[in-house]
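**Student:** Structure in structure tokens, see below.
Numbering (my numbering), first residue to last: 5 to 420.
In structure tokens form, the structure reads like this:
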């Protein structure tokens, strides 16, 4: 009678083992599907630009939220990277300022000649051959660009989009040419555009718009993101208009806050860029101003949302190591539910992020969870492969090795 009960118990344990093996196979397949499916959806290819001799300037404000007189400002010069002439005709621009057509002076391309047809050029030009370059060797107007960022709202890591409200100031010694300002990584809200000052040597605007900056999630959930606002004039090259960072007026408003994030730094730089040739003698560079706000995710919130649940799953599964070997059915049931829970938790995490071509820190953590759960389940299955008198030895050995190996695996997953 006892032998018959033991045989039935063994059969139930083996059946349960097969069920757990099937659950493990399904869970592993789902985990691989999540990881392999997280491929980069692709983004627009940015044109690479070679550095030029035209120097850019850069400002960095250290600290969290600078109050009046509390910001630490350091400046450094950076080598520019090029950009090219894009504008040909004088036009009004929905995102920009006054159209070049407001000036009585003809556009450079109208002064270019094409005696043999094709792309016109300036016979006396020495710096640039582009028809959009100025025909003489006069100096460009240097314009100091300043920005006061009032607020950043609705930042979405999945799409990289955010809205910003800011003041933009332009100051020069010489009268500025008519401007056609563009925002390559966003667009302005026309209804909220406010022209505060519009003088030949000073312009001040309050602007509101939507912008986009690609997110870097390699360190998620302890990631830092760069939110950029890019300004350029696409109708006049650096031979006519040269942007320079206004160090004293590039900052955040008092009491600035980005909901859900803490401010890491503020940076502004100017550089010159060019695109690959679009036509013959397309060699003109354009000046670009880039304002960057660095933000960091709150570490405490990230730890409780990602790391704590992952470790709870592993710890609960390890409790099965202390279930007696005689209760094989209970022991074998301790791993499969935790594995299913880990896959569902990982899937929920991935729904908050865009597809990427790399593993985030959270992905590596979940790989550690899967390995730890697999160690516990394999130790249980191994008890069915050894002879009955060796089961107690396997039980004692697994109770020591599995927690140690799981701890090492999780530590490695957290540190990489």
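Just so it is clear, CB atoms sit at the ideal spot from N, CA and C, and this is done for glycine as well.
Kindly indicate which residue of 399, 188, 412 and 151 has the alpha-carbon position closest to the one of residue 318.
**Tutor:** It is 412.
**Student:** When the Cα atoms are used, what is the spatial distance from residue 385 to residue 336?
**Tutor:** When rounded, the distance between both Cα atoms is 8 angstroms.
**Student:** Answer yes if the region 125-135 comes into contact with the region 144-155, meaning at least three C-beta pairs across the two stretches below 8 angstroms, and no otherwise.
**Tutor:** Because the criterion of three Cβ pairs below 8 angstroms is not met, the region 144-155 and the region 125-135 do not touch.
**Student:** Pick helix, strand or coil for residue 274, following the three-state DSSP scheme.
**Tutor:** Strand.
**Student:** How far does the alpha helix (DSSP H) with residue 380 in it reach, from first residue to last?
**Tutor:** Start and end: 365-389.
**Student:** Out of 414, 265, 315 and 239, which one is the CA nearest neighbour of residue 157?
**Tutor:** Comparing Cα positions, the closest option is 265.
**Student:** For residue 338 and residue 324, which I take to be in contact (beta-carbon distance under 8 angstroms), what is that distance rounded to the nearest angstrom?
**Tutor:** Yes, residue 338 and residue 324 are in contact; Cβ-Cβ is about 3 angstroms, under 8 angstroms.
**Student:** Considering only C-alpha positions, which residue in the set 292, 375 and 363 is nearest to residue 444?
**Tutor:** The chain is shown only over 5 to 420; residue 444 falls outside these bounds and no answer can be derived.
**Student:** Look at the Cβ atom of residue 152, then the Cβ atom of residue 168, and state whether they are nearer than 8 angstroms.
**Tutor:** Not closer than 8 angstroms, so no.
**Student:** Could you check whether residue 245 and residue 181 sit closer than 8 angstroms to each other, using their CB atoms as the reference points?
**Tutor:** In this structure, residue 245 lies closer than 8 angstroms to residue 181 by Cβ.
**Student:** So, are the CB atoms of residue 231 and residue 172 less than 8 angstroms apart?
**Tutor:** No, these two residues do not count as a Cβ contact at 8 angstroms.
**Student:** So which of 332, 141 and 375 has the shortest CA-CA distance to residue 392?
**Tutor:** That would be 332, whose Cα lies nearest to the Cα of residue 392.
**Student:** Where residue 130 and residue 141 are concerned, what is the direct C-alpha to C-alpha distance, given to the nearest angstrom?
**Tutor:** So the alpha carbons of these two residues sit roughly 7 angstroms apart.
**Student:** When you compare the CB of residue 294 with every CB in chain B, is at least one pair closer than 8 angstroms?
**Tutor:** Of the chains in the structure shown, none is chain B; there is only one protein chain.
**Student:** In terms of residue numbering, what span does the alpha helix (DSSP H) encompassing residue 392 cover?
**Tutor:** No alpha helix (DSSP H) contains residue 392, which DSSP labels as neither H nor E.
**Student:** According to the Cβ coordinates, are residue 149 and residue 178 closer than 8 angstroms?
**Tutor:** No, they are not a contact pair.
**Student:** By the three-class DSSP mapping on this structure, what secondary structure does residue 313 have?
**Tutor:** Residue state, collapsed to three classes: helix.
**Student:** Given this structure, state the Cα-to-Cα distance separating residue 278 from residue 288, to the nearest angstrom.
**Tutor:** Straight-line Cα distance between these residues: approximately 7 angstroms.
**Student:** Where does residue 167 fall in DSSP's three states?
**Tutor:** Strand.
**Student:** In angstroms, rounded to a whole number, what distance separates the CA positions of residue 309 and residue 138?
**Tutor:** Rounded to the nearest angstrom, the two C-alpha atoms are 57 angstroms apart.
**Student:** Which residue from 206, 162 and 218 puts its Cα closest to that of residue 189?
**Tutor:** It is 218.
**Student:** Which residue marks the beginning of the beta strand (DSSP E) containing residue 198, and which one marks its end?
**Tutor:** Residues 198-203.
**Student:** For residue 307, list the residues DSSP reports as bridge partners.
**Tutor:** DSSP lists no partner for residue 307.
**Student:** Using only alpha-carbon positions, find the residue among 381, 361, 359 and 358 that is nearest to residue 334.
**Tutor:** Selected option, being the one with the closest Cα: 381.
**Student:** Going by C-alpha to C-alpha distance, which of 361, 252 and 365 sits closest to residue 353?
**Tutor:** Among 361, 252 and 365, the Cα nearest to that of residue 353 is on 365.
**Student:** On the DSSP letters alone, give me the boundaries of the alpha helix (DSSP H) that residue 336 sits inside.
**Tutor:** Unbroken alpha helix (DSSP H) run through residue 336: 332-337.
**Student:** May I have the straight-line CA-CA distance separating residue 282 from residue 199, to the nearest angstrom?
**Tutor:** Taking the straight line from one Cα to the other gives about 35 angstroms.
**Student:** What first and last residue would you give for the alpha helix (DSSP H) that runs through residue 354?
**Tutor:** Residue 354 -> alpha helix (DSSP H) spans 340-354.
**Student:** From the DSSP output, read off the bridge partner residues of residue 212.
**Tutor:** In the DSSP output, where bridge partners are listed per residue, residue 212 has 169.
**Student:** Can you tell me the Cα-Cα spacing of residue 375 and residue 215, whole angstroms?
**Tutor:** Residue 375 and residue 215: Cα-Cα distance of roughly 41 angstroms.
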